[in-house]
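>
There are 4 protein chains.
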Amino acid sequence: MEHQHRPGYSGAKDAHQRRLRRVEGQVRGLQRMVDEDAYCIDVLTQVSAATKALQAFALELLEEHLASCVVDAAREGDEAAAVKVREAADAIARLVRS
Amino acid sequence: MEHQHRPGYSGAKDAHQRRLRRVEGQVRGLQRMVDEDAYCIDVLTQVSAATKALQAFALELLEEHLASCVVDAAREGDEAAAVKVREAADAIARLVRS
Amino acid sequence: MEHQHRPGYSGAKDAHQRRLRRVEGQVRGLQRMVDEDAYCIDVLTQVSAATKALQAFALELLEEHLASCVVDAAREGDEAAAVKVREAADAIARLVRS
Amino acid sequence: MEHQHRPGYSGAKDAHQRRLRRVEGQVRGLQRMVDEDAYCIDVLTQVSAATKALQAFALELLEEHLASCVVDAAREGDEAAAVKVREAADAIARLVRS
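Residue numbers (the numbering used here), protein chains in the order written: chain A, 129 to 226; chain B, 129 to 226; chain C, 129 to 226; chain D, 129 to 226.
Shown next as structure tokens:
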């Protein structure tokens with residue numbers, strides 16, 4: 129999965145890492161809650177928070193991807209554009225359905 | 129958030145912890161991918177997998193909550209039932225919208 | 129699909145019908161927009177509005193179902209409760225995933 | 129909201145209209161079900177089907193939009209690209225959250 133080009137998100141790497149460490153903290157918090165027999169509804173609230181944080185990360189990544197890889201492909205030619213649009217559309221479908 | 133009663137999920141605690149550790153692994157995998165400039169679409173695929181795993185955890189927890197806390201409350205009386213149903217419905221709404 | 133008992137939502141039938149007629153209006157609005165070559169983004173905004181309205185309807189219906197059918201089943205006995213909880217959990221999973 | 133250019137989906141208008149008429153039929157089916165006191169869970173199943181159909185419509189529309197309007201904007205210049213990418217990203221966020 130390595131790539132010769134720098135990905136579209138490379139300018140925002142620090143912000144992404146901070147966000148992902150926060151999500152990791154939320155997931156560890158969930159483990160602690162389950163361990164301490166926390167109330168189901170409180171656990172569910174924390175799951176929703178972690179899911180929302182992951183989603184926000186995905187939406188930012190996607191915008192950066194459109195702004196860089198898809199725009200670049202559009203300028204490269206019709207075939208490159210079609211490949212990247214299809215790939216982005218599939219990723220969006222997975223996000224919407226997850 | 130501690131609770132005098134054992135929560136509805138206490139019989140499945142080990143399974144829940146295993147699942148949450150797997151989600152934690154996925155989130156750390158995301159950090160590694162961002163660190164190594166992985167391709168945006170591959171990162172997004174991994175985000176969808178983590179989100180789906182969190183959702184599956186939430187759905188199991190919710191079923192256990194209905195089967196224990198909500199059923200118990202229903203047998204306790206109308207007021208207890210109304211409180212627990214409302215609380216569960218709010219948690220479901222947060223899940224559906226996240 | 130007919131049922132000998134009145135469903136949990138029977139007290140709110142008028143509100144549900146009003147809401148569903150509004151969703152029907154939104155879907156007809158979508159047809160008009162497509163017919164008139166409306167801008168894709170405007171069509172997508174209207175799709176999100178219709179989806180949200182359907183979801184709000186589903187969440188209300190579900191709460192009424194928990195408050196009536198599931199609570200009644202809980203009082204009927206363990207087996208009835210288990211059947212209704214499982215069925216509700218499956219419906220919630222379909223909602224969360226749709 | 130009218131537009132001087134033909135929208136990205138103009139080649140697929142008939143397919144979209146057929147799909148939307150099917151969604152309209154599903155929403156009318158929901159009204160009938162509520163009217164006839166159908167079982168809550170059956171109503172919820174039909175809501176999930178209608179929501180999924182709307183989502184599938186939105187995802188197709190979005191792909192067509194990326195393939196036409198966003199690709200065209202990318203070729204027009206950086207500013208046009210930035211505007212269209214931002215607009216598409218906002219629409220995707222609304223879809224993911226609805």
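Positions of the beta carbon are idealized from the N, C-alpha and C atoms, including for glycine.
The model shown is predicted, which means the values in this text are computed figures rather than measured ones.
1) Do alanine 217 of chain A and glutamate 192 of chain D have their C-beta atoms within less than 7 angstroms of each other?
2) Around the Cβ of glycine 205 of chain A, are there at least 16 other Cβ atoms within 10 angstroms (buried) or fewer (exposed)?
3) Would glutamine 174 of chain B count as contacting chain A if we go by Cβ distances under 7 angstroms?
4) What residues from chain B crowd round valine 151 of chain A, counting only those whose CB sits closer than 7 angstroms?
5) Do you know offhand how far threonine 179 of chain D's Cα is from glutamine 183 of chain C's?
6) Within 10 angstroms of the Cβ of arginine 149 of chain C, are there 16 or more other Cβ atoms? Answer buried if so, exposed if not.
7) When you compare each of B:Cys197, B:His144, B:Ile169 and B:Ala166 to arginine 156 of chain A by their alpha carbons, which one comes out closest?
8) Do we get a CB-CB distance below 7 angstroms when we pair alanine 186 of chain B with the residues of chain A?
9) Between proline 135 of chain B and alanine 166 of chain A, which are expected to be in contact by the criterion C-beta below 8 angstroms, what is the C-beta distance as a whole number of angstroms?
10) For valine 211 of chain C, does the count of other Cβ atoms within 10 angstroms reach 16, so buried, or fall short, so exposed?
11) Please report the straight-line C-alpha distance between alanine 177 of chain D and valine 224 of chain A, rounded to a whole angstrom.
12) Could you tell me whether the Cβ atoms of valine 213 of chain C and alanine 195 of chain B are closer together than 7 angstroms?
13) Along chain C, which residues have their Cβ under 8 angstroms away from the Cβ of glycine 139 of chain D?
14) Whose C-alpha, out of B:Ala208, B:Gln159 and B:Val151, is nearest the C-alpha of phenylalanine 185 of chain B?
15) Shortest alpha-carbon distance to glycine 153 of chain A belongs to which of A:Ala140, A:Ala219, A:Ala181 and A:Cys168?
If we stick to the structure as given:
1) It is not a contact, given that the beta carbons lie outside the stated cut-off.
2) With fewer than 16 other beta carbons inside 10 angstroms of its own, glycine 205 of chain A counts as exposed.
3) No, no contact with chain A.
4) Listed along the chain, the chain B residues whose CB falls inside 7 angstroms of the CB of valine 151 of chain A are Val155.
5) When rounded, the distance between both Cα atoms is 8 angstroms.
6) Exposed.
7) Cα-wise, what sits closest to arginine 156 of chain A is B:His144.
8) Yes - at least one Cβ of chain A is within 7 angstroms of the one on alanine 186 of chain B.
9) Indeed they touch by this definition, with Cβ atoms about 7 angstroms apart.
10) Exposed: under 16 other Cβ atoms inside 10 Å.
11) Roughly 15 angstroms separates the two Cα atoms.
12) Yes, they are a contact pair.
13) For glycine 139 of chain D, no chain C residue has a Cβ inside 8 angstroms of its Cβ, as the nearest lies near 12 angstroms away.
14) Looking at B:Ala208, B:Gln159 and B:Val151, the one whose alpha-carbon comes closest to that of phenylalanine 185 of chain B is B:Val151.
15) For the options A:Ala140, A:Ala219, A:Ala181 and A:Cys168, the alpha carbon positioned closest to that of glycine 153 of chain A is the one of A:Ala181.
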